[in-house]
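Its first residue numbered 4, the sequence shown is counted upward by one per residue in the numbering used here. Positions of the beta carbon are idealized from the N, C-alpha and C atoms, including for glycine. Here the structure is a predicted model, which is why all the values come from computation and not from measurement.
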Amino acid sequence: MKIYSFCERAHVHCHPNKKDTLYLAAGVGGNFKLKNGEVTYEEYLSDDQRFRFYPISGGVYRRHITSGQTLFLGGSEGRLNLPQEFLGVIFPAYPLDGEVDRFVATILDCPEKFKNSLGLFDVCSKTFTSKEMRSVSNILINNFVYGFDVKRKQFFKCDSALEDVWTYKPSFVSKRANLPILVEGTIVTFIGPQVESRQQVEGRSHYAFSGGVLVGINDEDGSVVWEREMPNAVDIYQLVGVVLYVVSLKEILLINAVSGELINRIDTETTVPLNRRWGPSIYIDDSYIYYSHFDDRVILIYDIDSLTLQRRIDLPEGYYVGGHDFHDRVSGKQYFSLVTHTQYVAQGPVLEVDPQHLDEVLEFESKPDMDIKLDYSPDNTAEKELVIRIACESLDDALRFGEIYTRDEAQRYSFNYMEMRFQDRPFTPEPSFNGIIRFQYSGCSQSKELVEEHLSVMEKRFSKWAEDRGFYSCTDKNQLTQLKAEYVA
4 MKIYSFCERA
14 HVHCHPNKKD
24 TLYLAAGVGG
34 NFKLKNGEVT
44 YEEYLSDDQR
54 FRFYPISGGV
64 YRRHITSGQT
74 LFLGGSEGRL
84 NLPQEFLGVI
94 FPAYPLDGEV
104 DRFVATILDC
114 PEKFKNSLGL
124 FDVCSKTFTS
134 KEMRSVSNIL
144 INNFVYGFDV
154 KRKQFFKCDS
164 ALEDVWTYKP
174 SFVSKRANLP
184 ILVEGTIVTF
194 IGPQVESRQQ
204 VEGRSHYAFS
214 GGVLVGINDE
224 DGSVVWEREM
234 PNAVDIYQLV
244 GVVLYVVSLK
254 EILLINAVSG
264 ELINRIDTET
274 TVPLNRRWGP
284 SIYIDDSYIY
294 YSHFDDRVIL
304 IYDIDSLTLQ
314 RRIDLPEGYY
324 VGGHDFHDRV
334 SGKQYFSLVT
344 HTQYVAQGPV
354 LEVDPQHLDE
364 VLEFESKPDM
374 DIKLDYSPDN
384 TAEKELVIRI
394 ACESLDDALR
404 FGEIYTRDEA
414 QRYSFNYMEM
424 RFQDRPFTPE
434 PSFNGIIRFQ
444 YSGCSQSKEL
454 VEEHLSVMEK
464 RFSKWAEDRG
474 FYSCTDKNQL
484 TQLKAEYVA
């Protein structure tokens, strides 16, 4: 049971054709591989913003986060030359859990500026149908489109021409619905919440909601099969067989999705979230129910049959659970997104949980030997520079942890025109800091030429980051903080 750290928030995913290796996308922090507990860079590039893999019509594609450009990685049918309208929506909207030829997406600024349309896209024919509509929670099931019409305040089912088959309007006004599920001829969704409130409590954003209806609708004619009022609303749900596991504040409700009957409930005994946007979450595999709670900094693991608590994972001080991120179906391991504000960078670690070894101790991954200190500049004893020394055999570990600590210390000591504060770290830049961070690496088993090549890339990555964040020397506030990386053989 291990916590892995990355310079930027990381998300776990896998290549559709190479599932024995996990990938971690960390945005501008780069892309990584995770195999047998070892983290390595996919490639160490000065600007690597590739994101997830998409299996589309026999090919595998990848999207660049900022430019939106796509990279074709190969496939039996060759690259698809998709119309521009497809490229604007396909990669954010295309389902990642399986290859499909048709998908639905919201098209922005269509049919004109500041208006939205619902689009049904056919990848094979490279055609799409659209209808002006502002809708949410859209999904394509058995060639029918389901979603919630925000303007008309109703849930709908459309055919492939986007014409209404039936609609369902609740007895109250709501702005949204959860993603619907089809089970044995019944469409199930939660419409709500009915009431929302936002306010500031002791400097923190407080967001609460309540009310709404969990409803089962006959898929053929739109008639109501069952309805269940939800006083505490619904945070999230997951269907396993015909059982819907519904998280409603501190309770997990087990509901028969066909009949609406309440089968059982679990009281997690957790607190009411201060900000329900970071409310409780759930994930279920073949053996366990994983319930995570942000404010309580806990993951509760229940046996799926007996509903008894098998393990309580309390996170270290300052670490919070963002929710379940990925299920590795090769190893069976579960991955959770964490949030921490113990450092200025590395605020999105990843927790690995092995269900086969729930008795394991929660620990952080091993860090390289490191020494960080302010030292007098060899060029001017009136100035100080930051020296960070790392010794380890793994070049990947040196680069990854080096980026974390060079950037975190840059925020600590540099000047910033916005007078940036971080958590309980006040804005107290070191007046004598000349903006130079020396990163000295030793102990690598690889060639000196290769190491120096990677350290040169590290300097370029740092320069771009410092410019984006606006960190400057304290002795010359027009000079950006800079990294000087060297290998000490």
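Item                                                                                                                               : Value
Any non-hydrogen atom of the ligand FAD within 8 Å of Phe-35 CB                                                                    : In the structure on display, the ligand FAD does not appear, and there are no ligands present to speak of.
CB of Lys-156 within 9 Å of CB of Val-176, strictly                                                                                : yes
Where the beta strand (DSSP E) through Arg-66 begins and ends                                                                      : 62-67
Where Val-454 sits in the DSSP three-state scheme                                                                                  : helix
Best match in Lys-129, Arg-55, Thr-109 for proximity to Leu-121 [C-alpha to C-alpha]                                               : Thr-109
Secondary structure, beta strand (DSSP E): runs of 3+ residues fully inside the stretch 167-237                                    : 167-171, 184-186, 189-194, 198-204, 207-213, 216-221, 227-232
Distance CB(Tyr-323)-CB(Phe-297) smaller than 9 Å                                                                                  : yes
Distance CB(Val-63)-CB(Phe-54) smaller than 9 Å                                                                                    : no
Proximity of Asp-399 and Val-31 at Cβ, strictly below 9 Å                                                                          : no
Cα-Cα separation, Val-333 to Lys-38                                                                                                : 11 Å
Given 8 Å, three or more beta-carbon pairs between the stretch 446-453 and the stretch 430-438                                     : no
Reference Ile-285; option with closest CA among Val-390, Ile-439, Ser-295, His-14                                                  : Ser-295
Segment limits, beta strand (DSSP E) that includes Tyr-57                                                                          : 53-59
From Ile-307, Tyr-240, Gly-219, Thr-274, residue whose alpha carbon lies closest to that of Glu-264                                : Gly-219
Exposure label - Val-204; buried when at least 16 CB within 10 Å                                                                   : exposed
Tyr-338, enclosing beta strand (DSSP E) - first and last residue                                                                   : 337-343
Cβ pair count under 8 Å reaching 3, the stretch 394-414 against the stretch 361-378                                                : yes
Within the stretch 130-154, ranges of the alpha helix (DSSP H) (whole runs, at least 4 residues)                                   : none
For Arg-441, the three-state DSSP class (helix, strand or coil)                                                                    : strand
Contacts around Val-243, its chain only, beta-carbon distance under 6 Å, and the 5 residues preceding and following it disregarded : Ile-287
Local Cβ density within 10 Å of Arg-279, reported as buried at 16 or more and exposed below that                                   : buried
Helix, strand or coil at Met-461 [DSSP, three-state]                                                                               : helix
Reference Ala-349, options Leu-310, Cys-17, Pro-19, Gly-33, closest by Cα                                                          : Gly-33
Within 9 Å, strictly: CB atoms of Leu-310 and Ile-269                                                                              : yes
Rounded distance between the beta-carbons of Leu-252 and Val-275, thought under 8 Å                                                : 6 Å
Ile-239 and Pro-183 closer than 9 Å at C-beta                                                                                      : no
Gln-485 - partner residues in DSSP beta bridges                                                                                    : Ile-439
Reduced DSSP category for Val-15 - H, G, I as helix; E, B as strand; rest coil                                                     : strand
Given Val-103 as reference, the closest of Glu-115, Leu-111, Asp-125 once Cα atoms are compared                                    : Asp-125
Nearest-angstrom Cα separation, counted from Val-342 out to Ile-292                                                                : 21 Å
Where Lys-38 falls: helix, strand or coil (DSSP)                                                                                   : strand
Coarse secondary structure for Phe-367, derived from DSSP in three states                                                          : strand
One or two residues paired with Arg-105 in a DSSP bridge                                                                           : Asp-125
For Asp-427, the three-state DSSP class (helix, strand or coil)                                                                    : coil
Within 9 Å, strictly: CB atoms of Pro-173 and Val-216                                                                              : yes
Nearest-angstrom beta carbon gap, Ser-60 and Leu-123 [assumed within contact, 8 Å]                                                 : Wrong, their Cβ atoms sit about 16 Å apart, outside the cutoff.
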